[in-house]
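A.B. asks: Residue numbers for the sequence shown follow the numbering used here, beginning at 123 and rising by one.
C-beta: ideal position from N, C-alpha, C; glycine also.
Okay, handing you the structure first.
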Amino acid sequence: MDNTLMNDGVLEALAFKLGNEEYGIKILKVQEIRGYETVTRIASAPEHVKGVVNLRGTIVPIVDMRIKFKLGEPTYNQFTVVIILNIQDRVVGMVVDAVSDVISLTADQIKPAPDMGGTINTDYVVGLGTVDERMIILVDIDRLMSSEDMGVIDSVAA
Numbered sequence: 123m124d125n126t127l128m129n130d131g132v133l134e135a136l137a138f139k140l141g142n143e144e145y146g147i148k149i150l151k152v153q154e155i156r157g158y159e160t161v162t163r164i165a166s167a168p169e170h171v172k173g174v175v176n177l178r179g180t181i182v183p184i185v186d187m188r189i190k191f192k193l194g195e196p197t198y199n200q201f202t203v204v205i206i207l208n209i210q211d212r213v214v215g216m217v218v219d220a221v222s223d224v225i226s227l228t229a230d231q232i233k234p235a236p237d238m239g240g241t242i243n244t245d246y247v248v249g250l251g252t253v254d255e256r257m258i259i260l261v262d263i264d265r266l267m268s269s270e271d272m273g274v275i276d277s278v279a280a
């Protein structure tokens, strides 16, 4: 487990749903949570970049994670949520199916991500958290948003 994600041995994470799976990101990366609103489409943007919105004077790119993770045709309804993230001094919106709750995970509740043998890019998966009967895929959102195929944030400096 990457200790940079933990504060005092505890990971505070925002849990959200994409399809049938539950994911978690470090709560300190979350600026706010908003309902989905119509975006302004940008010509020749990748399919998963839905467009941009004006958030109190800041132009924010909106990324649909359901499209990015190939989870079928997205539907936008009253449960669709945009998580506004602050990553490397940039603001990015991430469309998800629903937000569950904020969870606290200790190191013994987090297992390392399995090796998928190179068939699936899991560089951004930092582990699997377990809370009661729930299994939460923990994502390093900085690494995911700066990955080459996302192209939303500049690459993380090594």
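Go through its chain and collect everything with a Cβ distance to Glu134's Cβ below 6 Å, but skip five positions before and after it.
C.D. replies: Ile149 and Ser226.
A.B. asks: Using 8 Å as the cut-off, can you tell me whether the stretch 174-190 makes contact with the stretch 155-165, which would need three or more C-beta pairs spanning the two stretches below that distance?
C.D. replies: With the cut-off at 8 Å, the stretch 174-190 and the stretch 155-165 touch.
A.B. asks: Is the Cβ of Asp219 closer than 7 Å to any Cβ of chain D?
C.D. replies: Of the protein chains in this structure there is only one, and it is not chain D.
A.B. asks: I need the boundaries of the alpha helix (DSSP H) containing Asp87, first residue and last residue.
C.D. replies: With the chain covering 123 to 280 only, the question about residue 87 has no answer from this structure.
A.B. asks: Figure out for me which residue from Glu195, Glu143 and Ser268 has the closest Cα to the Cα of Arg212.
C.D. replies: It is Ser268 whose Cα lies nearest to the Cα of Arg212.
A.B. asks: List the residues that DSSP assigns as beta-bridge partners of Pro183.
C.D. replies: Answer is Val174, bridged to Pro183.
A.B. asks: Could you give the DSSP three-state label for Lys192: helix, strand or coil?
C.D. replies: Coil, per DSSP.
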